[in-house]
Amino acid sequence: MIGSSGTFNNRGRLYHTTNGGENWELQLSMFRDFFDVFFLTPQLGWVAAEDNSVCRSTDGGDTWDCYPVITDDGLVGIKSIYFANDTLGWMGEGLHRGVFVTTDGGESWHRQYLPGVEESGEIYGQEVFMTSDTVGYFCTEAGKIYRYRGRPAPCGPALLPVQDSTLYPMLRWPPAEGCFDGYYLQLGTAPGEADILPRTDVGWDTAYQVAQALPPSTQLFATIVPYNHVYGAAEGCNSTAFTTIDCPPAPVAVDTGFCEGGAFHFMHTVFEEPGAYPFPFTGAQGCDSTIVLQLAAWPVYNLTVDTALQAGTPYQGVVYAQDTSFLQHYTSSQGCDSTVTVNINILVNAEDRPARPAPALRLFPNPATEVLHLELDGFPAGLARLSIRSSTGRLVRRESLSLPGGKARHRIDLAGWPPGVYFVAAQAGGSTQSGRLVKLR
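For the sequence shown, the working numbering begins at 66 and goes up steadily by one.
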């Protein structure tokens, strides 16, 4: 323990205890105040005196040798002292001149570091503390703490295996050991290069999220470099290689369409014409690809159906007493609205009795969805030939029917037929009648 006389004639005192502080005995008294005491071992210790000297004892404090501290700047104003071993020690001073070091046990000193201050600022040292021969702290009366590094940072650990299957991986590495203030990370196409990611200060973090897509199918080299603010970055650190994911061409085709006369909205674009339109896009993994929009124009039908009925004959379940016209609206499987105009002509004779009509072919319901009914009226008895063709003239169905004469009906299953327009023809006894069928859904 050190103390001051508190009188005008300063007389520093050093006390010693051997029982944990219960009793103390005066060990050293000098005409100078002591500011700090440090014992490296029970036998070897130093005291820092206010008269700009350092005293050393090698016998537990029984005897002391004092050495004046003389520098190029004159007095240093010793405030604190700390030794790492029997020769290497540091002292902090109170006249804003920094930290001083000795390598001969305190016989001679030279300034090792002067912290930068503002133009009008001053540094009054309060305490110096060394955790090892390479790391220490210097505290000032202004409340600032300066950290000392005695050597450059060692190289850090290797990059851990990259787990992310994207071009934006999270890079990770285990913490480095030794004295360092942070990490630099760089990526390049060769060891030690930084042409992909320039040297980046990531601080104390041991992970880095790549923000811009890396080149696909490329071997890259990551270099992790610890650094110290005073001594700079470590040198000669090894690089770790990894390969980014493969991005094979994977165009996506989108087949769709719009109703004629309308428009289609896709990727903030409006289309009014059918065609193939490519769009570049970036997938979730960061791979560049292409969407090909295959756009068709779906037909919108406006059809007219003319039919003649005998008085009292129903049309789609309704009996009409006079000639009638009406509209029917249908929505196709693509969602396009179509309109059919139906004109019904009721056939009567002069006595207001149904007249015998000429051979006629009637299709109902028309438009149809699942089932089509054919009504053959007025055809002679015998064999009739029935044919159905698509709007392009392709023969879709052909069959023979045996007619009893008069009126006959025939049912056709339309399930599975593509929507569109078909032409139905019936031939018997030299008479041919035809009609147009609209197939929906």
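For each residue, glycine too, the CB sits at the ideal point set by N, CA and C.
In the DSSP assignment, W155 is bridged to Y147 and V166.
Here DSSP, grouped into helix, strand and coil, assigns K209 to coil. By the Cβ neighbour-count rule, I146 is buried, with 16 or more other Cβ atoms within 10 Å of its own. Within its own chain, the residues whose Cβ lies closer than 8 angstroms to the Cβ of I210, once the five positions on either side in sequence are excluded, are Y202, F203 and C204, listed in chain order.
Shown here for A318: same chain residues with a beta carbon closer than 7 angstroms to its own, the five before and five after excluded, namely V357 and Q359 in chain order. Straight through space, the alpha carbons of P234 and Q393 are spaced by roughly 60 angstroms. For the pair R176 and P222, the Cα-to-Cα distance works out to about 35 angstroms.
Note that the C-beta distance between Y292 and G247 is below 7 angstroms. Ranked by Cα distance from A373, the first of Y366, V365, A362 and A386 is A386. Collapsing the DSSP output to three states places A361 in a strand.
Positions of the beta strand (DSSP E) runs, each at least 3 residues long and wholly inside the region 297-384, are given as 304-308, 317-324, 329-331, 334-336, 340-347, 353-363 and 367-375 in order along the chain.
Contact check for T404 against N367 passes: the beta carbons are separated by less than 7 angstroms. Residues R214, R216, P217 and A218 of the same chain have their beta carbon placed closer than 8 angstroms to that of Y296, with the five preceding and five following residues left out of the count. In this structure, the alpha-carbon of R476 lies about 9 angstroms from that of E440. The residues N117 and S118, in chain order, have a CB closer than 7 angstroms to that of P133 in the same chain once the five nearest residues on each side in sequence are set aside. Note on the region 402-461: whole beta strand (DSSP E) runs with a minimum of 3 residues are 402-412, 425-429, 436-444 and 447-455, in chain order. The shortest CA-to-CA distance from P263 to any of P240, V290, C244 and E242 is the one to V290. Taking 8 angstroms as the upper bound for CB-CB distance, P345 and C312 are not in contact here, some 13 angstroms apart. In this structure, G400 keeps its C-beta atom at 7 angstroms or more from the C-beta atom of A425. In the structure shown, G500 adopts extended strand secondary structure according to DSSP, grouped into three states. The C-beta of D169 has fewer than 16 other C-beta atoms within 10 Å across all chains shown, which makes the residue exposed.
Counting other Cβ atoms within 10 Å of its Cβ, F391 stays below 16 and is therefore classed as exposed. For R264, the uninterrupted beta strand (DSSP E) segment begins and ends at L262 to G268. Taking a C-beta distance under 7 angstroms as the contact criterion, A446 and L466 do not qualify as a contact pair. W155 and V166 have their C-alpha atoms some 4 angstroms from each other. Closest by C-alpha distance to L451, out of R78, R427 and P339, is R427.
Straight across, the Cα-Cα distance linking G268 with L279 is about 22 angstroms. Going by beta carbons, E115 and F100 fall inside the 7 angstroms limit. In this structure, the straight-line span from the alpha carbon of D371 to that of M332 is close to 45 angstroms. The three-state reading of DSSP puts S467 in strand, counting E and B together. Boundaries for V227: no beta strand (DSSP E) harbours it, and the DSSP string shows neither H nor E there.
Judged by DSSP secondary structure, V102 falls within the beta strand (DSSP E) whose first and last residues are F99 to F104. As far as DSSP is concerned, W89 takes part in no beta bridge. For T271, there is no enclosing beta strand (DSSP E), as DSSP marks it with neither H nor E. In this structure, V193 places its C-beta atom within 7 angstroms of the C-beta atom of G157. In this structure, L505 sits near T434, with a CB-CB distance shorter than 7 angstroms.
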